[in-house]
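*Asks:*
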Ligand SMILES: Nc1ncnc2c1ncn2[C@@H]1O[C@H](COP(=O)(O)OP(=O)(O)OP(=O)(O)O)[C@@H](O)[C@H]1O
């Protein structure tokens, strides 16, 4: 097959060029200048004309974006697809079936993947969103299964929604193929008990997830004899999801699966991985399975339409009228330096998209942000085009599965014109054509931003993506240096399958499934096997029969648990949930994980769901139920709480990287297991219109604890004294310095600001907080972030100092660009920027001195 050269270089367009393009071409189609006003500010237009993405950019320049919000426009040029004929070795029947689904030719990469798979090679396909990855596995699977009546396949998806989506696709293909005995079934937690035995015995394609493999299929593998003995293919789609702690667990589940297939059932299935683009797709897939060889396909030959990518910086606040600059110039300047709310900006943009016929997903980092964006967008639509108020919805975790399926299909059918969604919609669930995506803040990784933006323009039409910046340093950095964003390399997918703790956990499961044998099992579990097995023997979890030559080397599970897999969760999923019930309809509105419940529902809380306001009347702790009713309220509520971190010494979840010898800036930071406890003691009632607190109510709720990991460093006594010598309060400085580290962390490690927490000083709680800077992993159980932070602590301290000392803000409490963070448990109340600078300098100096002295000591003792 001959490859053709294509041009897909991104083209930079400056705002000035855009203006001149606008002047040369006709005026924007929408010339309704009246506009929607909220609180006296123009927040959108009244027009309803359908606009193409490029026209929308013009329209925004003339209207909503008039205050210079558009910091940059980048155009990704369209590229043509490179098609080839469906290979000759694909049967006439399969070709005809594909024809019925309008697939008459293949993209070059599809044909390449299919040929490799049919020749028995395992592959990883790492091409862009909507590049036809599903056919890379569906064609070889149906081709093989239609020829051999025994052959089977196992499909693994990370979510139930994706499994449902894939089932629909496969059923269409099966219908077109007309092979009645090609039974396909989903085997997950939602599969009714009465259907399970039939699926186990009859399905030739089973669609499942890693959790189900772990707790059900592998522990009861003999019940799956039919499929495991005939297993020809294992498909792992959306493989990029398997990273961090979840990836580590999944890799060990996949190794257990390979071992059982080969040792018990004599099958050696071909693996087909599909993944979003990452820096290391092949290495990542190999680490997930411990396969020696995998063919990589990453050159993408699918067509794509042009995409316009806008960077949108909310305007600086304007203060009108009778302002007396002379009176307190400093404070006025500080206020002037603040930008308007990115949440409002996204809401206005969302309304514009919907009004002008661009189907849109507004990606927000948290569930609460989704609800706020929906609610504010509806406020604009009420003024601009009332009939569209219900054409938008929220899509996020927490909603019951049935509600989410309804939103997916309404979006697909066009009943909905837009959704405000969390990353739950980032994965490839087919919601039909999307024209535009909005991104409220940087999602944490470039890979994730491209994945989200890839949800629009999936067919041949141009599309638009707008990234709206928060005031935080990372977002502002990208607004200032757009090329740093567009040129930023895609991150690696990190999996550490050698984590000894996780390996031991899965070895107990593996030994229960089939006795372990060092000689045979090292090829699945690598070199850590011997050490982990001996640890398990010492714990009394593995036992052998010493009488025979063979049985002596076979180690069975003899530990205390009947089903060891039941005690091991692959992802930090909480099983304990609170339900929120609408009293008047008895409808369950949401299920909230226990760790988050008391932030949202308590007696007197104002709770938002699909943009509707409810008042919580009662929280029943015994039944874990919050009862509420719809209420039109002019205020919202915010809990008052504090979080204590108890660092547990010794036993590390992840091995400590001894960064004394590494290339990183040296520091004595440590990473330890920790216990995080949140206590709630009250809540504020705050007027929506003015953001003014008007009431404070006490609360008595049980505290909530979870285990995680933290990285921390001690503050030297000299730094504390230096702060106090300036008449500054140490705890204010410590709090601000800790925030600065949280703010710079996403520049160095793959995470969101909200993934990491720190010890936040509470204005009403005068307890002494430990003299340390500590960053902890906010995910119950931890996802390995503390370990990454610990290795980079030296760099983070230097970057934090630079951030705070170069920030031009003048208020003692700093600004969101330096020491404030939206993730602060204490609403950024107890902060002091000047003291933070002294503390950060003090730690950096102390660490430098320590290592210099250490080096001198080594040299003096003859060591280098
Ligand atoms: N060879 C082809 N010819 C025409 N259309 C195709 C071809 N291959 C795939 N498509 C269409 O492209 C769309 C996207 O395909 P698919 O969902 O498989 O992409 P994907 O890469 O798996 O997407 P995601 O990254 O979101 O998971 C589908 O509508 C599919 O029918």
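Residue numbers (full-length UniProt numbering): 1 to 864. Here a beta-carbon is modelled for each residue, glycine too, at the ideal position from N, C-alpha and C. Note that the structure is a prediction, hence the values are computed from the model and not measured.
Any heavy atom of ligand 1 closer than 8 angstroms to the CB of residue 133?
*Replies:* Yes - ligand 1 has a heavy atom lying nearer than 8 angstroms to the Cβ of residue 133.
*Asks:* Verify the contact flag: residue 304, CB atom, against every heavy atom of ligand 1, threshold strictly below 8 angstroms.
*Replies:* No, ligand 1 has no heavy atom inside 8 angstroms of this Cβ.
*Asks:* Output yes or no for whether 9 angstroms exceeds the beta carbon distance between residue 456 and residue 463.
*Replies:* Their beta carbons are under 9 angstroms apart, which means residue 456 touches residue 463 by this criterion.
*Asks:* Thinking just about the alpha-carbon of each residue, which of 149, 682, 107 and 581 is nearest to the one in residue 134?
*Replies:* Of 149, 682, 107 and 581, the residue nearest in Cα terms is 107.
*Asks:* With residue 735 as the anchor, note down where its beta strand (DSSP E) starts and where it stops.
*Replies:* Here residue 735 belongs to no beta strand (DSSP E); instead the alpha helix (DSSP H) covers 730 to 748.
*Asks:* Inspect the CB distances between the segment 241 to 249 and the segment 91 to 99 and report whether three or more fall short of 8 angstroms.
*Replies:* No, the segment 241 to 249 is not in contact with the segment 91 to 99.
*Asks:* Shorter than 8 angstroms, the distance from the beta carbon of residue 112 to the closest heavy atom of ligand 2, or not?
*Replies:* Of the ligands one can find in the structure shown, namely ligand 1, none is ligand 2.
*Asks:* Relative to ligand 1, is the shortest distance from any of its heavy atoms to the C-beta of residue 107 smaller than 8 angstroms?
*Replies:* Yes; taking the cut-off as 8 angstroms, the Cβ of residue 107 has a heavy atom of ligand 1 nearer than that.
*Asks:* Does the distance between the C-beta of residue 101 and the nearest non-hydrogen atom of ligand 1 fall short of 8 angstroms?
*Replies:* Yes, since a heavy atom of ligand 1 falls inside the 8 angstroms radius drawn around the Cβ of residue 101.
*Asks:* Going along the chain, which unbroken runs of the beta strand (DSSP E) with 3 or more residues stay wholly within the segment 508 to 565?
*Replies:* The qualifying runs do not exist here; there are none.
*Asks:* Where are the alpha helix (DSSP H) runs, 4 residues long or more, that stay fully inside the UniProt domain "Helicase C-terminal" (352 to 501), in chain order?
*Replies:* Those alpha helix (DSSP H) runs which fall completely within the UniProt domain "Helicase C-terminal" (352 to 501) and span 4+ residues are 367 to 384, 401 to 413, 446 to 453, 473 to 480 and 482 to 486.
*Asks:* By DSSP, does residue 27 sit in helix, in strand, or in coil?
*Replies:* Confidence at residue 27 is low in this model, with a pLDDT of 38, below 50, so its placement is unreliable and the value that follows should be read with caution. Here residue 27 sits in coil by DSSP.
*Asks:* Going by other Cβ atoms of all chains shown within 10 Å of its Cβ, with 16 needed for buried, is residue 292 buried or exposed?
*Replies:* Exposed, by the Cβ-count rule.
*Asks:* For residue 6, which residues in the same chain have their Cβ closer than 8 angstroms to its Cβ, ignoring the five residues on either side in sequence?
*Replies:* At residue 6 the pLDDT is 34, less than 50, meaning the model places this residue with poor confidence and gives no usable figure here.
*Asks:* Taking only heavy atoms of ligand 1 into account, decide whether any of them is closer than 8 angstroms to the Cβ of residue 130.
*Replies:* Residue 130 Cβ: within cutoff of ligand 1.
*Asks:* With a threshold of 8 angstroms on Cβ separation, who are the neighbours of residue 229 within its own chain once the five nearest residues in sequence on each side are excluded?
*Replies:* The answer, listed in chain order, is 265, 266 and 267.
*Asks:* Could you check how far apart the C-beta atoms of residue 68 and residue 315 are, in whole angstroms? I think they sit under 8 angstroms.
*Replies:* With a Cβ gap of about 6 angstroms, residue 68 and residue 315 count as contacting.
*Asks:* Among 542, 504 and 546, which has the Cα closest to the Cα of residue 527?
*Replies:* Ranking the options by Cα distance to residue 527, first place goes to 504.
*Asks:* Going by the CB atoms, is the gap between residue 451 and residue 169 shorter than 9 angstroms?
*Replies:* Contact: no.
*Asks:* Are there any heavy atoms of ligand 1 lying less than 8 angstroms away from the beta-carbon of residue 276, as far as the coordinates show?
*Replies:* Within the cutoff, so yes.
*Asks:* Which of helix, strand or coil does DSSP assign to residue 856?
*Replies:* Of the three classes helix, strand and coil, the one that applies to residue 856 here is helix, per DSSP.
*Asks:* Residue 738 and residue 773 look like a contact to me (Cβ under 8 angstroms); what is the Cβ gap, rounded to whole Å?
*Replies:* With 8 angstroms as the limit, residue 738 and residue 773 qualify as a contact, their Cβ atoms being about 5 angstroms apart.
*Asks:* On the three-pair Cβ rule with 8 angstroms, is the segment 836 to 854 touching the segment 719 to 727?
*Replies:* Contact holds: three or more Cβ-Cβ distances are below 8 angstroms.
*Asks:* Considering only residues of the same chain and omitting the five flanking positions on each side of residue 651, which have a CB-CB separation below 8 angstroms?
*Replies:* Unreliable placement is indicated for residue 651, whose pLDDT of 44 sits below 50; the coordinate value is still reported in the next sentence. Same-chain partners within the cutoff: 673.
*Asks:* Would a C-beta distance cut-off of 9 angstroms place residue 865 and residue 829 closer than the cut-off?
*Replies:* A query on residue 865 cannot be resolved here, the shown segment of the chain reaching from 1 to 864 and no further.
*Asks:* Hey, could you find the ends of the beta strand (DSSP E) residue 866 is sitting in?
*Replies:* Nothing about residue 866 can be read from this structure; the chain reaches only from 1 to 864.
*Asks:* Could you round the C-beta distance between residue 347 and residue 377 to whole angstroms and report it? I think they count as a contact, below 8 angstroms.
*Replies:* With a Cβ gap of about 4 angstroms, residue 347 and residue 377 count as contacting.
*Asks:* Taking 7 angstroms as the limit between beta carbons, can you name the residues of its chain near residue 599, skipping five residues before and five after?
*Replies:* 639.
*Asks:* With a Cβ-Cβ cutoff of 9 angstroms, do residue 214 and residue 240 count as a contact?
*Replies:* Not a contact, by the Cβ cut-off of 9 angstroms.
*Asks:* Taking the beta carbon of residue 150 as the centre, do at least 16 other beta carbons fall within 10 Å, making it buried, or is it exposed?
*Replies:* Classification for residue 150: exposed.
*Asks:* Taking the alpha carbon of residue 308 as the reference point, which residue from 436, 47 and 848 has its own alpha carbon closest?
*Replies:* For the residues 436, 47 and 848, the minimum Cα distance to residue 308 belongs to 436.
*Asks:* Going by CA-CA distance only, name the one from 306, 690 and 56 that's closest to residue 76.
*Replies:* Answer by Cα proximity: 306.
*Asks:* For a test of your reading of the model: does the CB of residue 238 fall under 8 angstroms from any non-hydrogen atom of ligand 1? Yes or no.
*Replies:* Under cutoff, so the answer is yes.
*Asks:* With respect to 8 angstroms, is the separation between the Cβ of residue 159 and the closest non-hydrogen atom of ligand 1 below this value?
*Replies:* No, since every heavy atom of ligand 1 falls outside the 8 angstroms radius drawn around the Cβ of residue 159.
*Asks:* Could you spell out where the beta strand (DSSP E) holding residue 201 opens and where it closes?
*Replies:* Here residue 201 belongs to no beta strand (DSSP E); instead the alpha helix (DSSP H) covers 193 to 202.
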